[in-house]
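Chemist: To convert, note that position 149 of the sequence shown is 160 in this note's numbering; the numbers rise steadily by one, no gaps. Got a structure here, written out as structure tokens. Questions coming.
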Amino acid sequence: MERFLKRHLSVTQLCEQSWCEIKMAYGFIKPKVRMLEMQKTEVTTGASIHLVRELEVKPNVVTVVAVTREDREALKLISMLQMVPALEAGQLVREFPVFGVLEGMFFMGVVDELYRSDSGELVLSELKTRSHNSLPRPAQTMGHSLQVGMYKLLFDSMVKGSATRDHLLHNLQLDPNQVLGSDLQTHTQSLGLQAVTFRELLDHLLVVLTCSSLHAIDKLRLEYSHQSSGKLIGTREVAFEEAQLRTKIRGYLAYWRGERVPQGVEVEEAWKCRMCPYEETCDWRRDRSQRLMMVNKRAKLECPKSDDPKQDGSNLNGSKLKSNTGSSPELNSPKHTEPQACLL
Ligand code: SF4
12 MERFLKRHLS VTQLCEQSWC EIKMAYGFIK PKVRMLEMQK TEVTTGASIH
62 LVRELEVKPN VVTVVAVTRE DREALKLISM LQMVPALEAG QLVREFPVFG
112 VLEGMFFMGV VDELYRSDSG ELVLSELKTR SHNSLPRPAQ TMGHSLQVGM
162 YKLLFDSMVK GSATRDHLLH NLQLDPNQVL GSDLQTHTQS LGLQAVTFRE
212 LLDHLLVVLT CSSLHAIDKL RLEYSHQSSG KLIGTREVAF EEAQLRTKIR
262 GYLAYWRGER VPQGVEVEEA WKCRMCPYEE TCDWRRDRSQ RLMMVNKRAK
312 LECPKSDDPK QDGSNLNGSK LKSNTGSSPE LNSPKHTEPQ ACLL
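Spelled out as structure tokens, the structure:
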């Protein structure tokens, strides 16, 4: 956390981590590459679709000048203060901020969509747009499931009153006594809110959340839509297994707490490397490739007979190794479990 000058994490960061920890860490030390990745058409189109959907339910956009960091955070709180009664009244809300402490770490996130189903259940839905008109692979939905599960944990703790003023102030290093900017004060008054300082606004929000009729999220849902046609590809309901989810979160946090080195993708998921912007320079991938070459050499020396199964490209586990057309071999070496010495 100190190395990357971070005091808290975002939910999406943990989801990126679940894809490949090395890739996420490279994003910090090679930010230009990450920036270029974020400018890809697929990413920018997805962001535009999200914005259009947000504006569908927020037609009256007001421009407010935020002067301080407290002002910027206050805008999020005001947005929540407007969405809580709307949600209570049965309306659909989009881009709902969530925050709180999970497994000792302060997280922030933004829920895509909250609404009540026909049967009255409180549904949390996350929209994922795709350039391919097909549902994603299980490895991709794993990160999406983690995301909605974490949103539920945060939302539930907020309505139960577990998210406190100190959590937000301390972790974001905000000044509770900071007077809100004049533009912001005019805006809060126009909404009927009496708050001059950041603390007053935050306290008001926490009371509104805990005294509202909102309860824990009942259902988690993923919605996949095709970017170019705008058509729905499909939806998936996500099972909420709290104990498993918390174990996963603790596992990811062990890296952030400096308890272990980051892990790259395992052999079974080497296909991820082929779509990774760090593929050519990734030390994890290079180490794995070198290991594979050594394993192959050893296998040839130990089993020189042509009828030996390992001669026909099977690895030491007995499964087939893919041949690689490039200069370095494919990442299909047997799974290694020992810790990796890594540059990160
Ligand atoms: S090349 Fe593979 S292991 Fe390396 S950062 Fe990219 S996805 Fe991770």
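Every residue gets a Cβ at the ideal spot worked out from N, C-alpha and C, and that includes glycine. The structure displayed is predicted, hence computed values, not measured ones.
#1: If the criterion is Cβ atoms closer than 8 Å, does the pair Pro273 and Glu32 meet it?
#2: Along the chain, where does the alpha helix (DSSP H) that runs through Pro187 open and close?
#3: Are the beta-carbon atoms belonging to Glu204 and Leu191 less than 8 Å from one another?
#4: Hey, would you say Tyr235 sits closer than 8 Å to Val22, going by beta carbons?
#5: Beta-carbon separation of Met169 and Gly111 under 8 Å?
#6: Looking only at its own chain, which residues have a Cβ that is under 7 Å from the Cβ of Lys17, when we skip the five neighbours before and after it?
#7: Does ligand 1 have a heavy atom nearer than 7 Å to the CB of Val109?
#8: Name the residue from Met116, Asp186, Glu99 and Ser201 whose alpha carbon lies nearest to the alpha carbon of Leu165.
#9: What are the complete beta strand (DSSP E) segments, minimum 3 residues, inside the region 175 to 235?
#10: Could you have a look at Ser29 and say whether DSSP puts it in helix, strand or coil?
#11: Round the Cβ separation of His19 and Asn182 to the nearest angstrom and send it over; I've been treating them as touching at under 8 Å.
#12: Quick check: is any heavy atom of ligand 1 less than 7 Å from the C-beta of Trp282?
#13: What is the rounded straight-line gap between the Cα of Val78 and the Cα of Asn71?
#14: Taking Cβ positions, are Leu135 and Leu125 nearer each other than 8 Å?
#15: Should Tyr289 be counted as a contact of ligand 1 given a C-beta to heavy atom distance under 7 Å?
Modeler: Taking the geometry as given:
#1: yes
#2: Premise fails: Pro187 is in no alpha helix (DSSP H) and is neither H nor E.
#3: One detail in the question is off: residue 204 reads as Leu in this sequence, not Glu. It is not a contact, given that the beta carbons lie outside the stated cut-off.
#4: no
#5: yes
#6: none
#7: no
#8: Met116
#9: none
#10: helix
#11: 5 Å
#12: no
#13: 22 Å
#14: yes
#15: yes
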